[in-house]
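Take a look at the structure below.
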Amino acid sequence: KEWMLKVYFWFFPPQVLLLACAEDLECVPGFQQKVFYIEKPFEFTEDQLVLNLKFDDCKGNNKLNFEVSNPDFTVELDGNLVALKNVSEAGRALFVHARSEHAEDMAEIFILEANEKRGALKEILKLEGNLGIPRQKRAILATPILIPENQRPPFPRLVGKVIRSEGTEGVKFRLSGKGVDQDPKGIFRINEMNGDVSVTRTLDREAIANYELEVEVVDMNGKTIDGPVGLDISVIDQNDNRPMFKEGPYVGHVMEGSATGTTVMRMAAFDADDASTDNALLRYNILRQTPTKPSPNMFYIDPEKGDIVTVVSPALLDRETMESPKYELVIEAKDMGGMDVGLTGTATATILIDDKNDHAPEFTKKEFQATVKEGVTGVIVNLTVGDRDDPATGAWRAVYSIINGNPGQSFEIHTNPQTNEGMLSVVKPLDYEISAFHTLLIKVENEDPLIPDIAYGPSSTATVQITVEDVNEGPVFHPNPMAVTKQENIPIGSVVLTVNATDPDTLQHQTIRYSVHKDPAGWLEINPTNGTVGTTAVLDRESPFVQNNVYTALFLAIDSGNPPATGTGTLHITLEDVNDNVPSLYPTLAKVCDDAKDLRVVVLGASDKDLHPNTDPFKFELSKQSGPEKLWRINRLNNTHAQVILLQNLKKANYNIPISVTDSGKPPLTNTTELRLQVCTCKKSKMDCSASDALHTSLTLILLSLLSLFCKSFA
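Numbering (UniProt numbering), first residue to last: 1 to 715.
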């Protein structure tokens, strides 16, 4: 009965962990130890003995042959696994296939990191599962392949090998996937007969870091016999990318007086190399600071994080004493953890020392003088201040206020945004006769509050002495405008009103004369001495110079000063209506067909320029008709309209019909207007009024009657 014993121990050197396989008391064909664990060295050197593999087919090992999954290693006939060249990356495992005339077997060598070696034995035993390589016997053995990027020609270059445990006679290897028969095509290929895997060109890890291929074994007719199984190819990173600062411009701000160690900003560079390697492990450094005063080392950068912090005392970080409030730092980022062999990239960090309000504004003098003429508004004086803070901030911008001497709100003060001066203005005209002098107390502050240990002092207030100059002011009408109501058509020479104007210059004792300034209709006159306004023409409410029943005229009051001053007064005369306009009739022309069935000829309307009650209701009447019979009549429709109706069809001719219209005024006014009626021939909706061969009027009918009487008298 067979029994098995497993023993674990470490060999140093070459630092190989051997896991002894079970041995029968009798010879068992194959590798005597099938699984090995070795510690990964810094580099496998050329001709270095890695370990010794013992294979025995129990029949003399005739025609024994070894194949290694990594072409950079070989197994000699005595079972020694050696490196063919210097190898820094061999992957996580090597697989060795042995075949003789009578037996074949597979051995696995797992390459462990140093920390894995130091782990517990039970964790080491779990590595097989973590490597993703099943422990059961496989027909195709495709171990992961590692290829450095940026390899130089010649190509193709052997990079790995696929092994078939059952031999390769009568079969072929077939490789597929992205990089073989899928874009990018043709990067990898496999020797159909022996399973050697080659790369055909230089690889770029930053373009594609991993290739997941599949390999299968097919017969000579292309029919799959084994597989497919996965073949993973990883591109080993090389330090071929410089660090880059991509997020510029880099601008940071720090308040003046900030404590030592205050973080200003963070610089972050990017390296396209493998982030898990030192190729992308960045370290930061300040190469240059401009300017170098007050200290050449104002700032420090954390070499790992890239944080820039202040390293000088708060007293040195004083914006008002600096040569410049802007510093430029040339920052270097170096990969390989900052080692000399690392690649570098640089960027400029601009640091601005921000102002805080640690200086109160101060007037340039304690008292300002200003002179202004009475009656004038506008800026009278500019108050100047000094402030050592940053002109681009609210710590410099001034805010002025009048804190005394402005009870009537006659003055205002505003800040000139360009000069920061206080512009003192008169907004309500001053009167010399009331006060010839004014004294204002002005205070200046900043938009931003002062820091706690700074306060506004006596220099933040100033006095303004204002002198008012007397000028000859024009007389003033009382009231202005003036209003009066009069009836239109009052007699010429009637008194409208007497105007009143006074001179504000009470100390000058001047006389006032009056004149007409604007009288659009020429209806008025004014007494130059006493200001009595009278009429020189009839006031007509219906005049085009009257708007909404109101007539407007302007008058001047002129004092006796040198030069004389003038005041203007406005007079509004509201005119009351009287019945002084006769009504008018419309239309005055009508047409009708000689065979019309509807004998309602026309609707007449009346209008009157006067106002109610001197207008409608209107009374419509026909003048007395002569002749043997009446030809028409008029019917009232409403207060303003009436309708003319024919009593019979008339022959084609023109007729003049006298119609009188009377308004409702007291006394009423009447207007007689002739309505011209054309009787026309109408055929096929066309009216012909041009061939009238007779004019029939009421007068014509009278003449015919007189002629008839005359003939009878001679008979």
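For every residue, glycine included, the Cβ atom is placed at its ideal position computed from N, Cα and C.
Asked: Using alpha carbons as the reference points, say which of T290, T498 and E433 lies closest to L507.; Found: E433
Asked: Give me, in chain order, the residues of the same chain whose beta-carbon lies closer than 8 Å to that of G522; leave out the 5 immediate sequence neighbours on both sides.; Found: T536 and A537
Asked: Measure from the alpha carbon of S560 to the alpha carbon of each residue in V311, R205, D505 and S176, then state which is nearest.; Found: D505
Asked: My assumption, with CB atoms under 8 Å, is that N500 sits in contact with H478. Please give the rounded CB distance.; Found: 5 Å
Asked: If contact is defined by three or more beta carbon pairs under 8 Å, each pair taking one atom from either stretch, is the segment 567-581 in contact with the segment 653-660?; Found: no
Asked: Look at the alpha carbon of A653 and the alpha carbon of V644, and state the distance between them as a whole number of angstroms.; Found: 17 Å
Asked: Taking its Cβ as the centre, do 16 or more other Cβ atoms sit within 10 Å of Y37, making it buried, or is it exposed?; Found: buried
Asked: Leaving out five residues on either side along the sequence, give the residues of the same chain with a beta carbon under 8 Å from the beta carbon of A370.; Found: I380, V381, L424, V464, Q465, I466 and T467
Asked: Roughly how many whole angstroms lie between the Cα atoms of S664 and L599?; Found: 30 Å
Asked: I need the straight-line Cα distance from V260 to Y300, nearest angstrom please.; Found: What sits at residue 260 in the sequence shown is Thr, not Val. In a straight line, the C-alpha of T260 is about 11 Å away from that of Y300.
Asked: Considering Cα atoms alone, identify which of D204, V215 and K178 is closest to E192.; Found: V215
Asked: Take L146 and list the residues in its own chain whose beta-carbon comes closer than 6 Å to its own, dropping the five residues that flank it on each side.; Found: E89, G91, S234 and I236
Asked: Kindly list the residues whose CB is nearer than 7 Å to the CB of T277, restricted to its own chain and excluding five residues on each side of it in sequence; keep chain order.; Found: D237
Asked: To the nearest angstrom, how far is the alpha carbon of G567 from that of E525?; Found: 17 Å
Asked: In whole angstroms, what is the alpha-carbon distance linking V82 and I187?; Found: 29 Å
Asked: Can you list, in chain order, the residues of its chain with a C-beta nearer than 7 Å to that of N635? Leave out the 5 residues immediately preceding and following it.; Found: A642, Q643 and I645
Asked: By DSSP, does R205 sit in helix, in strand, or in coil?; Found: coil
Asked: How many whole angstroms separate the CB atoms of V444 and A398, which I take to be in contact at a CB cut-off of 8 Å?; Found: 5 Å
Asked: Please state the DSSP three-state secondary structure of E320.; Found: helix
Asked: Suppose contacts are defined by Cβ-Cβ distances below 7 Å. Is V578 in contact with N489 by that definition?; Found: yes
Asked: Report the residue from C58, G457 and T502 whose alpha carbon sits nearest the alpha carbon of G474.; Found: T502
Asked: Let me know the secondary structure DSSP gives D232 once reduced to three states.; Found: strand
Asked: For D610, which residues in the same chain have their Cβ closer than 6 Å to its Cβ, ignoring the five residues on either side in sequence?; Found: D577, N579 and N581
Asked: Rounded to whole angstroms, what is the Cα-Cα separation between residue 724 and L585?; Found: Residue numbering for the chain in the displayed model covers 1 to 715; residue 724 lies beyond these limits and cannot be assessed.
Asked: Touching or not, the segment 290-308 and the segment 320-330, by the rule of three or more beta carbon pairs under 8 Å?; Found: yes
Asked: Buried or exposed: where does V341 fall if 16 or more other Cβ atoms within 10 Å of its Cβ makes it buried?; Found: exposed
Asked: According to DSSP, M265 sits in a beta bridge with which residue or residues?; Found: I308
Asked: Please identify the residue among W632, L539 and S460 whose C-alpha is closest to the C-alpha of V495.; Found: L539
Asked: Look at the Cβ atom of D616, then the Cβ atom of N639, and state whether they are nearer than 7 Å.; Found: yes
Asked: Per DSSP, what kind of secondary structure is G338 in: helix, strand or coil?; Found: helix
Asked: Over the uninterrupted beta strand (DSSP E) stretch that includes N656, give me the two end residues.; Found: A653 to T662
Asked: Identify whether N279 lies in helix, strand or coil by the three-state DSSP scheme.; Found: helix
Asked: Taking G338 as the reference, which of L158, T529, R99 and E304 has the closest Cα?; Found: E304
Asked: Quick one: grab the DSSP three-state call for K122.; Found: Annotation note: pLDDT 43 at K122 (below 50); position unreliable, coordinate value reported separately. Correct three-state label for K122: helix.
Asked: Grab the span of the beta strand (DSSP E) containing R676 for me, first residue to last.; Found: T670 to K683
Asked: Please classify R205 as buried or exposed, where buried requires at least 16 neighbouring CB atoms within 10 angstroms.; Found: buried
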